[in-house]
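In what follows, a structure is listed as structure tokens, so that the remarks can point back to it.
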Amino acid sequence: AQFAALCPGYRVIAGGDTRQGSVAVLAHAAGGDWLLIHDVTRPFASEALLRAAAAAARETGAAAAFASPEVPVARLREGRVLEALPTAEAGIFQSPQVFRRELLLPVLARADAEGWQAQSTLQLVLRAGLAVAAVPGEKTNIKLTTAQDWMFAQSLKELL
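Residue numbering for the sequence shown follows the working numbering, starting at 1000 and increasing by one per position.
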């Protein structure tokens, strides 16, 4: 009732048991052709980044923001380095992630049917073999998950 009073014309939908389940609920409940998924834990993403991801998605049906690493990135398994990726060939997942709804719904259904689990909706789309446009992310588009992140965000807030 409070949300309805504060945000008339919008509705609240219950999420799933997991992030992946919540995205599936959202995708089915949405009425538009496009879904822009953005983590509430990334409060400093700019409007320009959201617009850039949406524009890039129009080309391939899917796009996401990726932060550029400043140093080479290693692929690890069980405490061992398997491969070093040069910075030009690596990106760190961020949000927003934007998907054409008609592209995402079959991916989510397949993930559910085949038991795929992923941290990111983008991983499911990639596993399904679909093209994804990469948009340059932003250093300030940090994810707040730890107490240290929160302290950093407080100082960043002062700069922005």
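All residues carry an ideal CB built from backbone N, CA and C; glycine is no exception.
query                                                                                                                  : result
With distances taken from CA atoms, which of 1150, 1143, 1144, 1111 is nearest residue 1016?                           : 1111
For residue 1098, does the count of other Cβ atoms within 10 angstroms reach 16, so buried, or fall short, so exposed? : buried
According to DSSP, is residue 1072 part of a helix, a strand, or is it coil?                                           : strand
Using the beta-carbon count (16 or more within 10 Å), is residue 1011 buried or exposed?                               : exposed
Cβ atoms of residue 1139 and residue 969: under 9 Å apart, would you say?                                              : Residue 969 is absent from the structure shown; the chain starts at 1000 and stops at 1159.
Judging by CA-CA distance, which residue of 1142, 1094, 1009, 1104 is the nearest neighbour of residue 1132?           : 1094
For the beta strand (DSSP E) that contains residue 1013, what are its first and last residues?                         : Element bounds for residue 1013: n/a, residue is neither H nor E.
Roughly how many angstroms separate the alpha carbons of residue 1148 and residue 1100, rounded to a whole number?     : 32 Å
Please say whether residue 1105 and residue 1090 have beta carbons closer to each other than 9 Å?                      : no
Is the distance from the Cβ of residue 1060 to the Cβ of residue 1117 below 9 Å?                                       : no
What whole-angstrom Cβ distance do residue 1107 and residue 1039 have, given they're in contact under 8 Å?             : The Cβ separation is near 20 Å, so there is no contact.
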